[in-house]
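Contents: one structure, followed by commentary.
Residue numbers (the numbering used here): 18 to 202.
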């Protein structure tokens with residue numbers, strides 16, 4: 018029986034107990050529930066206000082339902098996972114995947130919320146929140162290993178500074194977690 022490969026050249030049926038086992042964002046489910054709670058609270062408040070004022074109608078209720086659904090879509094967190102030489106960010110509609118061992122650039126995008134834009138030599142592109150990497154050392158370890166391989170191969174042309182900044186934040190958070198766990202905080 019042969020090995021099947023994905024569109025990026027990686028094995029699809031790799032063993033799940035080795036280093037290729039996927040690491041996932043452990044906080045994703047909590048963030049998803051927070052988004053759902055925010056949308057539900059908005060819907061409840063809008064319906065309660067309409068009911069209290071006596072202006073509740075079917076079309077206004079449908080409008081409030083649409084607005085709370087829109088809020089949920091806007092707050093829906095991307096589910097980040099990583100495995101042997103790949104990192105994926107799955108949103109509500111589609112998944113974006115990059116090969117970390119073939120990265121060509123890593124850019125830190127500043128704005129309302131900081132984002133990390135990863136691009137690989139195959140045209141793959143993924144955008145993630147750097148906090149996900151700080152909260153999940155396993156995700157960071159897989160990205161870092163692939164990025165080091167890409168840098169050693171000479172394909173990572175820009176982005177080592179952004180990766181070093183994240184590495185410092187991951188190290189600081191890990192040290193704080195060790196101190197908290199040992200009671201020396």
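For each residue, glycine too, the CB sits at the ideal point set by N, CA and C.
Checklist entry - To which residues of the same chain is residue 53 closer than 7 Å at the C-beta, ignoring the five residues directly before and after it? => result What you label residue 53 is simply residue 36 of the chain shown in a count that begins at 1. Excluding positions up to five away in sequence, the list reads 89.
Next on the checklist: For residue 104 and residue 159, which I take to be in contact (beta-carbon distance under 8 Å), what is that distance rounded to the nearest angstrom?
Outcome noted: In the chain shown, counting from the first residue as 1, residue 104 sits at position 87. In the chain shown, counting from the first residue as 1, residue 159 sits at position 142. About 7 Å separates the beta carbons of residue 104 and residue 159, which is inside the 8 Å limit, making them a contact pair.
Item to check | With 16 other Cβ atoms within 10 Å as the buried cut-off, status of residue 136 | outcome: Your numbering for residue 136 matches position 119 in the chain shown. So residue 136 ends up on the buried side.
Checklist entry - Based on Cα-Cα distance, which residue from 87, 84, 151, 68 lies nearest to residue 132? => result Within the chain shown, residue 132 is the residue found at index 115, counting from 1. Closest in C-alpha terms to residue 132, from the list 87, 84, 151, 68, comes 151.
Next on the checklist: One question on the structure: do residue 41 and residue 98 come within less than 7 Å of each other, judged by their Cβ atoms?
Outcome noted: Numbered from 1 along the chain shown, position 24 holds the residue referred to as residue 41. Numbered from 1 along the chain shown, position 81 holds the residue referred to as residue 98. Yes, these two residues count as a Cβ contact at 7 Å.
Next on the checklist: For residue 134, which residues in the same chain have their Cβ closer than 6 Å to its Cβ, ignoring the five residues on either side in sequence?
Outcome noted: Your numbering for residue 134 matches position 117 in the chain shown. Cβ neighbours of residue 134 beyond the five flanking positions: 124, 126, 144.
Checklist entry - Does the distance from the CB of residue 120 to the CB of residue 167 come in under 7 Å? => result Here the question's residue 120 lines up with position 103 in the chain shown. Here the question's residue 167 lines up with position 150 in the chain shown. Yes, Cβ-Cβ distance for residue 120 and residue 167 is below 7 Å.
Checklist entry - Going by Cα to Cα distance, which pick from 154, 100, 110, 199 is closest to residue 187? => result Start at 1 with the first residue of the chain shown, and residue 187 comes out as number 170. Of 154, 100, 110, 199, the residue nearest in Cα terms is 154.
Checklist entry - Which parts of the segment 85-170 are runs of the alpha helix (DSSP H), unbroken and 4 residues or longer, counting only runs that do not cross its ends? => result Qualifying alpha helix (DSSP H) stretches, in chain order: 147-152, 154-170.
Item to check | residue 128 and residue 39 closer than 7 Å at C-beta | outcome: Your numbering for residue 128 matches position 111 in the chain shown. Your numbering for residue 39 matches position 22 in the chain shown. For the pair residue 128 and residue 39, the CB atoms are not nearer than the 7 Å cut-off.
Checklist entry - Which partner residues of residue 175 appear in the DSSP bridge assignment? => result Here residue 175 is taken as the residue at index 158 of the chain shown, counted from 1. Paired residue(s): 122.
Checklist entry - Under three-state DSSP, which class holds residue 39? => result Start at 1 with the first residue of the chain shown, and residue 39 comes out as number 22. Judged by DSSP in its simplified three-state form, residue 39 adopts coil rather than helix or strand.
Checklist entry - Comparing alpha-carbon positions, which option in 44, 77, 176 lies nearest residue 60? => result On the chain shown, residue 60 is found 43 positions in, with the first residue counted as 1. Checked all of 44, 77, 176; the closest Cα to residue 60 is 77.
Next on the checklist: Since residue 114 and residue 141 should fall inside the 8 Å C-beta cutoff, what is the C-beta to C-beta distance between them, to a whole number of angstroms?
Outcome noted: For the purposes of this step, residue 114 is taken as residue 97 along the chain shown, with counting starting at 1. For the purposes of this step, residue 141 is taken as residue 124 along the chain shown, with counting starting at 1. Taking a contact as a CB-CB distance under 8 Å, the pair residue 114 and residue 141 counts as one, their CB atoms being some 6 Å apart.
Item to check | Where residue 74 falls, given that 16 or more other Cβ within 10 Å makes a residue buried | outcome: The residue you call residue 74 lines up with position 57 of the chain shown. Exposure of residue 74 is indicated by the presence of fewer than 16 other C-beta atoms within 10 angstroms of its C-beta.
Checklist entry - In chain order, what residues of the same chain lie with their CB nearer than 7 Å to the CB of residue 102, ignoring the 5 residues before and after it? => result For this step, residue 102 is matched to residue 85 along the chain shown. Here the set comprises 27, 116, 117, 118, 163.
Item to check | Buried/exposed call for residue 68, threshold 16 Cβ in 10 Å | outcome: Along the chain shown, read from residue 1 onward, the residue named residue 68 stands at position 51. Burial call: exposed.
Checklist entry - Can you tell which of 64, 191, 161, 50 has the C-alpha that lies nearest to the C-alpha of residue 179? => result For the purposes of this step, residue 179 is identified with residue 162 of the chain shown, where counting begins at 1. Per the Cα distances, 161.
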